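Sequential numbering from 11 applies to the sequence shown in our numbering. Note that CB positions come from ideal geometry on N, CA and C, so glycine has one too. Owing to the predicted nature of the structure, the values given are computational and were not obtained by experimental measurement. Below is one structure, written out as structure tokens; the observations come after it.
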Amino acid sequence: MPETYTSKLIRTDSGNQDFRELVRLLDAELAVMDGPDHTFYNQFNGIDNLNHAVVLFADKKAVACGAMKHADENSMEIKRMYTITAERGKGHASTILLALEQWAKELGYGRCILETGKRQVAALSLYKNKGYKIIQNFGPYSGVDNSVCFEKKLGASKR
11 MPETYTSKLI RTDSGNQDFR ELVRLLDAEL AVMDGPDHTF YNQFNGIDNL NHAVVLFADK
71 KAVACGAMKH ADENSMEIKR MYTITAERGK GHASTILLAL EQWAKELGYG RCILETGKRQ
131 VAALSLYKNK GYKIIQNFGP YSGVDNSVCF EKKLGASKR
């Protein structure tokens, strides 16, 4: 009998324990990848007040997540994108990103923005492939050489 693969995506918030565990794994990975820059970036990655998070389950196991927060009247900022190592390359990050974009549209936002690091090659590729355009670094990332900021216009804003 062939093996079946089932997935499920849920909308939640930062209080969700599966989301919190995935973010713990993300932070551990980023601490190594960012090296001495980790302390700087980590101050902008708190999750206590994220009201819009998604978790993807594969065969009832949480394998990927992402979140977004209000950035301005027309923009949501994508945060905390992560897929566990064993599940990478299966399209989960694309699924998470598209789910967040859809949610932002439903809430009336006209664009998504985000920041990632130059060392995060897979993330840079994902965002470019999903229609994100590089923009001038915003907010706390202004003037930070290792940061790359992106935006994607979602269509007409209801805000």
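| Item | Value |
| --- | --- |
| Where are the beta strand (DSSP E) runs, 3 residues long or more, that stay fully inside the stretch 101-143, in chain order? | 121-127 |
| Go to Gly76, then tell me how far its beta strand (DSSP E) extends in each direction, as first and last residue. | Lys71 to Asp82 |
| Residues in its own chain within less than 8 Å of Asp58 by CB, not counting five upstream and five downstream? | Ser24 |
| Which one of Leu124, Cys75, Arg129 and Glu116 has the shortest CA to CA distance from Thr105? | Cys75 |
| If I follow the unbroken beta strand (DSSP E) through Val158, where does it start and stop? | Ser157 to Lys163 |
| Can you name the start and end residues of the beta strand (DSSP E) that Ser17 belongs to? | Ser17 to Thr22 |
| Please say whether Ala114 and Met86 have beta carbons closer to each other than 8 Å? | yes |
| What separation, rounded to the nearest whole angstrom, lies between the Cα atoms of Gln146 and Ala68? | 36 Å |
| Looking only at DSSP bridge pairs, what is Phe67 linked to? | Lys18 and Ala72 |
| Give me, in chain order, the residues of the same chain whose beta-carbon lies closer than 6 Å to that of Tyr92; leave out the 5 immediate sequence neighbours on both sides. | Leu32, Leu36 and Cys75 |
| Please report the distance separating the alpha-carbon of Ala38 from that of Gly120. | 33 Å |
| Quick check: what's the CA-CA separation for Ala133 versus Thr126? | 7 Å |
| Do Ala72 and Leu60 have their C-beta atoms closer together than 8 Å? | no |
| Can you tell me which of Tyr142, Ser157 and Asp155 puts its alpha carbon nearest to the alpha carbon of Leu164? | Tyr142 |
| CB-CB under 7 Å to His102, same chain, minus the five flanking residues each way: which ones, in chain order? | Leu66, Val73, Ala74 and Thr93 |
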